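> Chains as they are written, first to last, in my numbering: chain A, 371 to 484; chain B, 678 to 791.
We put the CB at the ideal spot given by N, CA and C, even for glycine.
Since we're looking at a predicted model, the values are computed, not measured.
Take a look at the following structure, please.
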Amino acid sequence: DAMVIQNPRYQVTQFGKPVTLSCSQTLNHNVMYWYQQKSSQAPKLLFHYYDKDFNNEADTPDNFQSRRPNTSFCFLDIRSPGLGDAAMYLCATSRDMGGMKTQYFGPGTRLLVL
Amino acid sequence: AQSVTQLDSQVPVFEEAPVELRCNYSSSVSVYLFWYVQYPNQGLQLLLKYLSGSTLVKGINGFEAEFNKSQTSFHLRKPSVHISDTAEYFCAVSYTGTASKLTFGTGTRLQVTL
Chain A
371 DAMVIQNPRY
381 QVTQFGKPVT
391 LSCSQTLNHN
401 VMYWYQQKSS
411 QAPKLLFHYY
421 DKDFNNEADT
431 PDNFQSRRPN
441 TSFCFLDIRS
451 PGLGDAAMYL
461 CATSRDMGGM
471 KTQYFGPGTR
481 LLVL
Chain B
678 AQSVTQLDSQ
688 VPVFEEAPVE
698 LRCNYSSSVS
708 VYLFWYVQYP
718 NQGLQLLLKY
728 LSGSTLVKGI
738 NGFEAEFNKS
748 QTSFHLRKPS
758 VHISDTAEYF
768 CAVSYTGTAS
778 KLTFGTGTRL
788 QVTL
């Protein structure tokens, strides 16, 4: 089945130690998104890639970066995680941009910062 | 700017009872509306969506929602819930335009008990 895969499902890191979260997709969608979801809150969009074009949300901290080496893979890099970055990180994809385009989500990676 | 309000943070209900989860949106332009479900430690799964046409939309797992433009609402309903419906439900809105992104509500926790 075509799907969005996130690895690892759980990630523990230390305060200030860089961490990378991974997302891959077999849907061949050209748009990939990263969301941050804190406990009991709505998902918050951090950034997205439209093909190779990177689009950062205005309020996304500089501590968060992303890479998309090819259509299938997208990475979220947190350069110096703080305690406040502990959250579920969701990757999603869609075929093209536009309000009517459905986003397909991966299972998420839960990040714990010690 | 568009926004989504889910007034009920938690909805407890007995198994086999009907349920309605409320969602109201605000937008000055035409909208697209979505309901997603999130099971514990999982990503978001699309339940149903309204893009245009019939205002009554049927989705997976027996859920349906009705788009009411005059009341700016998109309430989710199920005539008889099951224990397995226990999850977090998110309403989301986007609008026409290639730059549109999803705006999520804060979610409603549906708790089904025997």
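(1) If we ignore side chains and look at the alpha-carbon of each, how far apart do S757(B) and F424(A) end up?
(2) When you compare only the Cα positions, how much space is there between K746(B) and T463(A)?
(3) Output, in chain order, the set of chain A residues within a Cβ distance shorter than 8 Å of Y702(B).
(4) Since D447(A) is in the beta strand (DSSP E), which residue starts that stretch and which ends it?
(5) Hey, out of L791(B), R786(B), K778(B) and P695(B), whose CA is closest to Q679(B)'s CA?
(6) Where does the unbroken beta strand (DSSP E) through R754(B) begin, and where does it stop?
(7) Could you pull out every residue in the same chain whose Cβ sits closer than 6 Å to the Cβ of L391(A), ignoring the five residues on either side in sequence?
(8) I'd like to know whether the C-beta of K726(B) is nearer than 8 Å to at least one C-beta of chain A.
(9) Consider the Cβ of R438(A): report whether some Cβ of chain B lies at a distance smaller than 8 Å.
So, from the data block:
(1) 44 Å
(2) 28 Å
(3) Correct list: empty, because the minimum Cβ distance to chain A is about 12 Å.
(4) F443 to I448
(5) K778(B)
(6) S750 to K755
(7) L446, Y459 and T479
(8) yes
(9) no
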